[in-house]
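Peer 1: Protein chains in written order, with this note's numbering: chain A, 17 to 131; chain B, 563 to 674.
No residue lacks a Cβ here, since even glycine has one placed at the ideal position from N, Cα and C.
Since this is a predicted model, take the numbers as computed values, not measurements.
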Amino acid sequence: KAGVTQTPRYLIKTRGQQVTLSCSPISGHRSVSWYQQTPGQGLQFLFEYFSETQRNKGNFPGRFSGRQFSNSRSEMNVSTLELGDSALYLCASSPSTGSEYEKLFFGSGTQLSVL
Amino acid sequence: SQQGEEDPQALSIQEGENATMNCSYKTSINNLQWYRQNSGRGLVHLILIRSNEREKHSGRLRVTLDTSKKSSSLLITASRAADTASYFCATDGSGGYNKLIFGAGTRLAVHP
Chain A
17 KAGVTQTPRY LIKTRGQQVT LSCSPISGHR SVSWYQQTPG QGLQFLFEYF SETQRNKGNF
77 PGRFSGRQFS NSRSEMNVST LELGDSALYL CASSPSTGSE YEKLFFGSGT QLSVL
Chain B
563 SQQGEEDPQA LSIQEGENAT MNCSYKTSIN NLQWYRQNSG RGLVHLILIR SNEREKHSGR
623 LRVTLDTSKK SSSLLITASR AADTASYFCA TDGSGGYNKL IFGAGTRLAV HP
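1) What is the DSSP secondary structure of Gly82 of chain A, counted as helix, strand or coil?
2) Can you say whether Pro55 of chain A is buried or exposed, counting buried as having 16 or more other CB atoms within 10 angstroms of its CB?
3) Determine the extent of the beta strand (DSSP E) in which Ala652 of chain B is found, giving its start and end residues.
4) Beta-carbon of Glu64 of chain A versus every beta-carbon of chain B: anything under 7 Å?
5) Where does Asn660 of chain B land, buried or exposed, given buried means 16+ other C-beta within 10 angstroms?
6) DSSP state of Ala644 of chain B, grouped into three classes?
7) For Asn660 of chain B and chain A, any beta-carbon pair shorter than 7 Å?
8) Can you tell me the Cα-Cα spacing of Ala18 of chain A and Gly74 of chain A, whole angstroms?
9) Output, in chain order, the set of chain B residues within a Cβ distance shorter than 8 Å of Ser110 of chain A.
10) Does the distance between the C-beta of Thr36 of chain A and the nearest non-hydrogen atom of the ligand FMN fall short of 6 Å?
11) I think Arg622 of chain B touches Thr639 of chain B, with their Cβ atoms under 8 Å apart; what is that distance to the nearest whole Å?
12) Going by C-alpha to C-alpha distance, which of A:Leu59, A:Gly100, A:Phe85 and A:Ser115 sits closest to Leu130 of chain A?
13) Just grab the DSSP bridge partners of Gln33 of chain A for me.
14) Would you check if there are 3 or more beta carbon pairs closer than 8 Å linking the region 118-125 of chain A to the region 585-605 of chain B?
15) Scan the region 595-607 of chain B for residues whose Cβ lies nearer than 9 Å to a Cβ of chain A and list them as they occur along the chain.
16) Quick check on Tyr26 of chain A: buried or exposed, where buried means 16 or more other Cβ atoms within 10 Å of its Cβ?
17) Counting only beta-carbon atoms, is Ser49 of chain A nearer than 7 Å to chain B?
18) Put Gly100 of chain A into one of helix, strand or coil per three-state DSSP.
19) Just checking my contact of Ala63 of chain A with Gly82 of chain A at CB under 8 Å: how many whole Å lie between their CB atoms?
20) Given a cut-off of 7 Å, decide if Ala647 of chain B and Val672 of chain B are closer than it, judged by their beta-carbon atoms.
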């Protein structure tokens with residue numbers, strides 16, 4: 017099976033712009049989670065989607081949003097970018113059932129730089 | 563805020579030595595997981611231990627869990643240069659739905 021695919025790998029934006037990141041989960045995985053990783057705050061949970069529904073959300077401002085499509089692919093959007101949004105954004109999928117339902121399978125991430 | 567605190571923050575050892583990393587957390591958990599991250603890439607799941615388990619092994623990995631102290635340790639035996647990475651503990655806390663709370667991580671450097 018192919019792993020979790022995130023695109024693009026690198027992204028450079030300027031303050032005030034918006035950005036959309038994409039994630040394709042492992043085939044058969046219906047849960048997709050997003051995490052932000054920064055040197056200062058570490059890994060922080062953004063949100064989780066299952067069957068196109070957001071089931072949980074972290075403590076991020078409303079500028080951070082996401083969605084999941086019927087094929088389980090997910091996108092996250094950040095509007096009105098700020099310098100502090102520079103981070104590695106990681107997507108993870110989970111089978112949600114079976115022996116591995118609690119494990120997260122991560123993509124390689126999108127490195128976003130806001131100038 | 564992060565649930566877990568890990569120590570040490572950085573660890574440097576020689577190949578063949580054992581590496582021990584510790585993790586503490588704050589709230590009750592259903593399980594605790596350890597992940598590895600190479601050079602800012604994605605995380606790779608290593609091992610999961612449930613709250614009713616005290617010890618678990620997987621290859622050269624040994625994980626212990628002490629729920630009374632809200633702490634866990636990860637032991638890597640006979641370390642190799644390829645083990646050089648950052649290691650994170652993650653707890654499910656009370657958020658559920660794959661909302662893992664990660665520790666700050668331990669950077670392990672294994673020198674040939």
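Peer 2: Let's see:
1) The count along the first sequence starts at 1 and reaches residue 82 of chain A at position 66. In the structure shown, Gly82 of chain A sits in a strand (DSSP, three-state: E or B).
2) Within the first sequence, residue 55 of chain A is the residue found at index 39, counting from 1. By the 10 Å Cβ count, Pro55 of chain A comes out exposed.
3) Translated into the one-based positions of the second sequence, residue 652 of chain B becomes position 90. Element bounds for Ala652 of chain B: Ala647 to Thr653.
4) Locating residue 64 of chain A in the first sequence gives position 48, where the first residue counts as 1. For Glu64 of chain A, the answer is yes, since a Cβ of chain B falls inside 7 Å of its Cβ.
5) In the second sequence, residue 660 of chain B corresponds to position 98, counting from 1. Under this definition Asn660 of chain B is a buried residue.
6) The residue you call residue 644 of chain B lines up with position 82 of the second sequence. Helix.
7) Within the second sequence, the letter at position 98 stands for residue 660 of chain B. Yes, contact with chain A.
8) Locating residue 18 of chain A in the first sequence gives position 2, where the first residue counts as 1. Locating residue 74 of chain A in the first sequence gives position 58, where the first residue counts as 1. One C-alpha to the other measures close to 28 Å.
9) In the first sequence, counting from the first residue as 1, residue 110 of chain A sits at position 94. Within 8 Å Cβ-Cβ: Asn660.
10) Among the components modelled here there is no ligand, and therefore nothing to report on the ligand FMN.
11) As a position in the second sequence, residue 622 of chain B is number 60, starting the count at 1. As a position in the second sequence, residue 639 of chain B is number 77, starting the count at 1. Right, the Cβ-Cβ distance comes to about 5 Å (below 8 Å), so this counts as a contact.
12) Along the first sequence, one-based indexing puts residue 130 of chain A at 114. In the sequence as presented, Leu is not what sits at residue 130 of chain A; that position holds Val. Nearest of A:Leu59, A:Gly100, A:Phe85 and A:Ser115 to Val130 of chain A, Cα basis: A:Gly100.
13) Numbered from its first residue, the first sequence carries residue 33 of chain A at position 17. DSSP output for Gln33 of chain A lists no bridge partner at all.
14) yes
15) Gln595, Tyr597, Gln599, Gly602, Arg603, Gly604, Leu605, Val606 and His607
16) For this step, residue 26 of chain A is matched to residue 10 along the first sequence. Looking at its Cβ environment, which holds fewer than 16 other Cβ atoms inside 10 Å, Tyr26 of chain A is exposed.
17) Counting from 1 along the first sequence, the entry for residue 49 of chain A is found at position 33. Interface criterion met: the Cβ of Ser49 of chain A is under 7 Å from a Cβ in chain B.
18) Stepping through the first sequence from its first residue, residue 100 of chain A is reached at position 84. Three-state result, Gly100 of chain A: helix.
19) Start at 1 with the first residue of the first sequence, and residue 63 of chain A comes out as number 47. Start at 1 with the first residue of the first sequence, and residue 82 of chain A comes out as number 66. Checking the sequence, you will find Phe at residue 63 of chain A rather than Ala. So it is a contact: roughly 5 Å between Cβ atoms.
20) Residue numbering aside, residue 672 of chain B sits at position 110 when the second sequence is read from its first letter. Residue numbering aside, residue 647 of chain B sits at position 85 when the second sequence is read from its first letter. For Val672 of chain B and Ala647 of chain B, no; Cβs fall outside 7 Å.
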